[in-house]
Every structure is written in structure tokens, then in C-alpha cells.
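Novice: One structure, as C-alpha cells, below. Some questions next.
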Amino acid sequence: EIAYMAWTAGQREFIPLLLGIYHLVPLGRRRQADSVEWVVIEEPEMGLHAKAVQAVMLLILELMDRGYRVAISTHSPAVKP
163 EIAYMAWTAG
173 QREFIPLLLG
183 IYHLVPLGRR
193 RQADSVEWVV
203 IEEPEMGLHA
213 KAVQAVMLLI
223 LELMDRGYRV
233 AISTHSPAVK
243 P
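Residues in the sequence shown are numbered from 163 upward in steps of one, following our numbering.
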């Protein structure tokens, strides 16, 4: 066992996202979970390696293919005039 606080920042960010997506995208081709229409994901890229970000984006496309409406929020870097 590894205590939650011993996890890396990436693990603490990614594991809950992964578990949520596994719940919404079970094996097989079920279109969407009962009573779930919207999926809101906040900062899916936070603390992830570039390859993991690609994997998350593919999972988001899978959610959309199964009929979910997906909202993603990110923080863009400050832009200096």
C-alpha cells in the first residue's frame, strides 16, 4: 500500500480522472451511463506527461462518441500585451 499523500502530483490528478472515465466507458459498446448526460473535466492536462495528455484526449473523444456532452476547462498562460 502507498499512502495517497505519497503519490506524485500526476498520480493524484490522473487516477480520479481515469476511474471516472472507466465508470462512464465500460467494456462493450454501451452508449452512455444511465442519467449521465454531461461530463465536466477540469484541467485534464495538469501534471501529465505529453503522452498521457494524448491518451486523455482519446478518452474524451470516446466519451463523445458514446453520446456524452463533454465540457473541458483549462487555464491558459497569461498573455502579455
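For every residue, glycine included, the Cβ atom is placed at its ideal position computed from N, Cα and C.
Here's the rule I'm using: 16 or more other beta-carbon atoms within 10 Å means buried, otherwise exposed. How should V198 be labelled?
Specialist: Per the 10 Å Cβ criterion, exposed.
Novice: Leaving out five residues on either side along the sequence, give the residues of the same chain with a beta carbon under 7 Å from the beta carbon of E204.
Specialist: Hits under 7 Å: S235.
Novice: Return the CA-CA distance between M219 and W200, expressed in angstroms with no decimal places.
Specialist: The straight-line gap from Cα to Cα measures roughly 16 Å.
Novice: For L180, which option in G229, E224, H237 and R231 has the closest C-alpha, if you only look at C-alpha atoms?
Specialist: Closest by alpha carbon: E224.
Novice: Given that a residue counts as buried once 16 or more other Cβ atoms are within 10 Å of its Cβ, and exposed if not, what is E163?
Specialist: E163 is exposed by the Cβ-count criterion.
Novice: Between the C-alpha atoms of E175 and M167, what's the straight-line distance to the nearest angstrom?
Specialist: The alpha-carbon atoms of E175 and M167 are separated by roughly 12 Å.
Novice: Of the choices V232, H237 and R228, whose alpha-carbon is the least far from that of G190?
Specialist: Answer by Cα proximity: R228.
Novice: Reducing DSSP to helix, strand and coil, say where R174 ends up.
Specialist: In the structure shown, R174 sits in a helix (DSSP, three-state: H, G or I).
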